[in-house]
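Colleague: What follows is a single structure, and I will ask about it in a moment.
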Amino acid sequence: MKRILPILSFILLITTQTPAQPREGAAAPSPIVRFYPNPATSFVTFDFQKEYERGYSIQVFSFLGKKMYESANLSQKTTINLSDFNRGIYIYQLYDRTGKLVESGKFQKNS
372 MKRILPILSF ILLITTQTPA QPREGAAAPS PIVRFYPNPA TSFVTFDFQK EYERGYSIQV
432 FSFLGKKMYE SANLSQKTTI NLSDFNRGIY IYQLYDRTGK LVESGKFQKN S
């Protein structure tokens, strides 16, 4: 099991960082949420863009796959305290109210 988690984390990181190439002439989809600062030190803020709908939830995982944070019914601007997070790369997954994964990405936490 300990061998599988790093492999799955790596696959998840690769799949979240290789966006589908839009067809020529097609506009790339705009992100649902903007997050800052990146790299972060003590907190990271997730700021929903124009078409915010209530009911979004978020999960944050360490690079090795450990769930570090989870929250449901996010407000339009949500700040996560990173004081319990070690230095490293973290992956977030954003879900809509039906539980469908709508966006994912990564951020870095520095000391």
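Numbering (my numbering) for the sequence shown: 372 to 482.
Ideal Cβ positions, reconstructed from N, Cα and C, are used throughout, including at glycine.
Between which residues of its own chain and A411 is the CB-CB distance below 8 Å, once the five residues before and five after are set aside?
Modeller: So the qualifying residues of the chain are L453, F478, Q479, K480, N481.
Colleague: Enumerate, from N- to C-terminal direction, the unbroken beta strand (DSSP E) stretches of 3 or more residues contained entirely within the segment 445 to 475.
Modeller: Taking only runs of at least 3 residues, the beta strand (DSSP E) segments lying wholly in the segment 445 to 475 are 448 to 452, 459 to 466.
Colleague: How many angstroms separate the CA atom of Y423 from the CA atom of N457?
Modeller: Cα to Cα, the separation comes out at about 30 Å.
Colleague: Can you have a look at L465 and say buried or exposed, based on whether 16 or more other CB atoms are within 10 angstroms of its CB?
Modeller: Buried, because 16 or more other Cβ atoms sit within 10 Å of the Cβ of L465.
Colleague: Would you tell me roughly how many angstroms separate the C-alpha atoms of M403 and N444, rounded to the nearest one?
Modeller: The sequence given here places Ile at residue 403; Met does not occur at that position. Cα-Cα distance, rounded: 15 Å.
Colleague: Going by DSSP in three states, T412 sits in which element: helix, strand or coil?
Modeller: Three-state DSSP puts T412 in coil, outside helix and strand.
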